[in-house]
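Chains as they are written, first to last, in the numbering used here: chain F, 1 to 276; chain C, 1 to 550.
Beta carbons are placed, not taken as given, at the ideal position from N, Cα and C, and that holds for glycine.
Predicted model, so just to flag it, every value in this text is computed and none were measured.
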């Protein structure tokens, strides 16, 4: 029963993939090769980019003078660029189909997420901000449920893309990495919800359980479990010693780099195949 | 021309270098003078106590409380204890402080029987049994909340207190040592500013605030030197921080006030920050040779749950939210225990890698060889009770089992029970052999609980105990002396100190577990004035008094 259901899903995506392969050649018969740089190439939308920067910048400035938090100012600027990026995705969809458009959104979003973690890392290690302040650009989004939801979405999209043709060693490694990363966030979310329930039972509804240790890193499950204490696992650098911010920085560095490599390899292969 | 001008400078520099290098080459270390001694030995009363595998818990009537209606923060920090032979009968007595109630002295008959003597002393923080005036009769010294320190003398079965001369401030932590080499015991006091500020408001600052003070013994009184103006001192220790052979001063501060250290130097006390990582809320300090290398480590306790399950974390989170203050990434403080180990010319924290970084809401944490195997084990008492801070928990309390970490030949620490995993709210704690059986007993003064003595009935290895006596000195129990022994192929080191851990006075008798060895091959005593005595071939299972004869 289960296996037939999975087969149906895979068949559905395979058909979609074949359909988009056929769509690669536009009605005019022109083939648009897609490279990884295409994903970030907003030159065709330069008018929208300029308008977005101006409007977003103005909104950010208004947020600044009205003393809104820094993350709202940053969000205004980023939101200003969304119309241009949306048109860019639509353009890719028209030229290359749903699979490429989905890949574009994932690569762009994961890159931005990676930058968020990089900013966090810089805030903590370079600027020496306190841990609770080192929350990246959109700091309000640095919440347990956001990370949990984000990683599940990335995992689902990644599965769809692999079924749809993102198939190379980097892609499989990326998929394994994403599954492990999502598992850690699921564990964190499970602990977070349980801790909130415990707090509610104690009559303390206004304290967050954000930031508890996960599998990896300092005070994580590997560091404290009787099964792994004193084992070889503790000898891997950072496995049981890195602070949470570093653990998730490296998770996302790995995820972003593998996604880029997988995308690059697949697009190169596709371009070779599609070129008449 | 330019070369001509440079020549005299180069010549002088060469001469200077030559002189310096020559001075280094011809320097001959001055040998430490040898101090003659006489020995008195008593075999342990090993037959007197039953043998087992655990400690046996004895609850005493003394009950420390911060407030009978419910203890609040700061009062909940509890009260100290001290051990020492107050009545001169050869047995270590014990005094327990109290906050809302009164302190109680228990006179020990050497067979685990204690006679209580009540006092009128309240609001006690640190306690020490120390011979402050060098008359050969120790006194009780107590710091008190919002009052001057007092000195108590035992006369005709009563312990009566008077103000400490020349000391007019209220202090929290204290420790005793001859810090200026005049042979007399000086004292370092530290204030607990956060509590003082809450109690007195800005008046506290307008009156001059607090800080760390040395009171040098001067005639019948004391002469003060103020080392700084702010402190939240819960513990004071005298490790040799820069390994120059001289005791320095280390102060452990509560909250996120950084710990403070001063190096002894010919020009005075030099403030330094010697550690790359420290505790954040330093609750206690202990200095001990736990790896039998002849070098002391420094152990500090902090607040970090041992179990990180969601139930425990939920119990801790609201309190931590109230107490925690933001620390930057370059701040050396981290809320967990630290074990500073001197390696490659610097101190490195190894508590996390040795898995002794988390022991609950920890207070007194101290080393002692509890199983006489030749390696000092680590025992930490913990728990918190406070109506205002922990009102969301049953009994306003975080109750955790006290933590015993057994030292496995200096390689790793493993948790054990041995009947010491009490879930009371421990505060002050020390280790002492009350009944002369050669085994360290443990004594605890908890908060909102009865004082407890854990009688050591683990019949494991052999041991020796040493008492140092300087009869004609103002420091008759040789506080500050270091003893190195060699037995069973191991070298071990201890020092005579008046206080360690959290608000806990120490016995002047020092204890070495020596495993299966039946003889101690050598004993080297470095007296407080630097003189050295060598003693060979001391049989195991004896209490040896080493008396200096010159």
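Under the three-state reduction of DSSP, which class applies to residue i: helix, strand or coil?
{"i": "residue 314 of chain C", "result": "helix"}
{"i": "residue 27 of chain C", "result": "Annotation note: pLDDT 42 at residue 27 of chain C (below 50); position unreliable, coordinate value reported separately. Here residue 27 of chain C sits in coil by DSSP."}
{"i": "residue 548 of chain C", "result": "strand"}
{"i": "residue 107 of chain F", "result": "helix"}
{"i": "residue 368 of chain C", "result": "strand"}
{"i": "residue 206 of chain C", "result": "helix"}
{"i": "residue 560 of chain C", "result": "Because chain C in this structure spans residues 1 to 550, residue 560 of chain C falls outside the shown range and cannot be described."}
{"i": "residue 194 of chain F", "result": "helix"}
{"i": "residue 44 of chain F", "result": "helix"}
{"i": "residue 137 of chain F", "result": "coil"}
{"i": "residue 537 of chain C", "result": "strand"}
{"i": "residue 227 of chain F", "result": "coil"}
{"i": "residue 441 of chain C", "result": "strand"}
{"i": "residue 102 of chain C", "result": "coil"}
{"i": "residue 246 of chain C", "result": "coil"}
{"i": "residue 187 of chain F", "result": "helix"}
{"i": "residue 21 of chain C", "result": "Any answer about residue 21 of chain C is weak, because its pLDDT of 41 lies below 50 and its placement is not dependable; what the coordinates show is given next. Note: residue 21 of chain C maps to helix in three-state DSSP."}
{"i": "residue 211 of chain F", "result": "coil"}
{"i": "residue 500 of chain C", "result": "strand"}
Using beta carbons (cut-off 7 Å, strictly below), is residue i in contact with chain B?
{"i": "residue 224 of chain F", "result": "In the displayed structure, chain B is absent; the protein chains listed are F and C."}
Taking a contact to mean a Cβ-Cβ separation below 7 Å, would you say residue i touches residue j in this structure?
{"i": "residue 237 of chain C", "j": "residue 211 of chain C", "result": "no"}
{"i": "residue 103 of chain F", "j": "residue 161 of chain F", "result": "yes"}
{"i": "residue 239 of chain F", "j": "residue 216 of chain F", "result": "yes"}
{"i": "residue 125 of chain C", "j": "residue 104 of chain C", "result": "no"}
{"i": "residue 261 of chain F", "j": "residue 170 of chain F", "result": "yes"}
{"i": "residue 199 of chain F", "j": "residue 314 of chain C", "result": "yes"}
{"i": "residue 45 of chain F", "j": "residue 74 of chain F", "result": "no"}
{"i": "residue 318 of chain C", "j": "residue 392 of chain C", "result": "yes"}
{"i": "residue 515 of chain C", "j": "residue 463 of chain C", "result": "no"}
{"i": "residue 468 of chain C", "j": "residue 478 of chain C", "result": "yes"}
{"i": "residue 508 of chain C", "j": "residue 128 of chain F", "result": "no"}
{"i": "residue 434 of chain C", "j": "residue 108 of chain C", "result": "yes"}
{"i": "residue 191 of chain C", "j": "residue 279 of chain C", "result": "no"}
In the DSSP assignment, find the alpha helix (DSSP H) that holds residue i and state where it starts and stops.
{"i": "residue 492 of chain C", "result": "Per DSSP, residue 492 of chain C belongs to no alpha helix (DSSP H); it is in the beta strand (DSSP E), 490-495."}
{"i": "residue 91 of chain F", "result": "70-96"}
{"i": "residue 594 of chain C", "result": "Nothing can be reported for residue 594 of chain C: it is not among the residues displayed for chain C, which extend from 1 to 550."}
{"i": "residue 414 of chain C", "result": "Careful: residue 414 of chain C lies outside any alpha helix (DSSP H), inside the beta strand (DSSP E) at 412-416."}
{"i": "residue 222 of chain F", "result": "221-224"}
{"i": "residue 347 of chain C", "result": "Per DSSP, residue 347 of chain C belongs to no alpha helix (DSSP H); it is in the beta strand (DSSP E), 346-349."}
{"i": "residue 157 of chain F", "result": "144-163"}
How is the beta strand (DSSP E) around residue i delimited, first residue to last?
{"i": "residue 387 of chain C", "result": "Looking at the DSSP string, residue 387 of chain C is not in any beta strand (DSSP E), and its letter there is neither H nor E."}
{"i": "residue 43 of chain C", "result": "37-43"}
{"i": "residue 270 of chain C", "result": "268-272"}
{"i": "residue 217 of chain C", "result": "212-218"}
{"i": "residue 227 of chain C", "result": "221-228"}
{"i": "residue 65 of chain C", "result": "Counting along the chain, residue 65 of chain C falls outside any beta strand (DSSP E), and DSSP gives it neither H nor E."}
{"i": "residue 454 of chain C", "result": "449-456"}
Closest by CA to residue i, which one among the options?
{"i": "residue 183 of chain C", "options": "C/218, C/366, C/213, C/491", "result": "C/218"}
{"i": "residue 405 of chain C", "options": "C/399, C/326, C/421, C/397", "result": "C/421"}
{"i": "residue 145 of chain C", "options": "C/170, C/136, C/160, C/135", "result": "C/170"}
{"i": "residue 72 of chain C", "options": "C/447, C/512, C/465", "result": "C/447"}
{"i": "residue 343 of chain C", "options": "C/94, C/295, C/436, C/38", "result": "C/295"}
{"i": "residue 277 of chain C", "options": "C/412, C/299, C/465", "result": "C/299"}
{"i": "residue 495 of chain C", "options": "C/113, C/288, C/69, C/395", "result": "C/288"}
{"i": "residue 545 of chain C", "options": "C/361, C/529, C/511, C/531", "result": "C/511"}
{"i": "residue 272 of chain C", "options": "C/307, C/240, C/392", "result": "C/240"}
{"i": "residue 201 of chain F", "options": "C/215, C/242, C/94, C/311", "result": "C/311"}
{"i": "residue 324 of chain C", "options": "C/257, C/46, C/275, C/368", "result": "C/257"}
{"i": "residue 409 of chain C", "options": "C/362, C/293, C/382", "result": "C/293"}
{"i": "residue 98 of chain C", "options": "C/451, C/32, C/336, C/283", "result": "C/451"}
Assess, as a yes-or-no matter, whether the segment 150-158 of chain C is touched by the segment 173-187 of chain C under the definition of 3 or more beta carbon pairs within less than 8 Å. no
Report yes or no: do the segment 335-351 of chain C and the segment 232-247 of chain F share at least 3 C-beta pairs separated by less than 8 Å? no
Is it a yes or a no for the segment 37-51 of chain C touching the segment 397-417 of chain C, going by three-plus beta-carbon pairs under 8 Å? no
Is the segment 157-169 of chain C close to the segment 50-65 of chain C, with three or more CB pairs under 8 Å? no
If you pair each beta-carbon of the segment 372-381 of chain C with each one of the segment 53-61 of chain C, do three or more pairs fall below 8 Å? no
Check whether the segment 439-454 of chain C touches the segment 76-89 of chain C, counting contact only when three or more Cβ pairs, one atom from each stretch, lie closer than 8 Å. yes
Stretch pair the segment 479-486 of chain C + the segment 519-528 of chain C: three plus CB contacts closer than 8 Å: yes
If contact is defined by three or more beta carbon pairs under 8 Å, each pair taking one atom from either stretch, is the segment 220-231 of chain F in contact with the segment 94-110 of chain F? no
Using 8 Å as the threshold, is the segment 252-270 of chain F in touch with the segment 174-183 of chain F, meaning 3 or more CB pairs across them? yes
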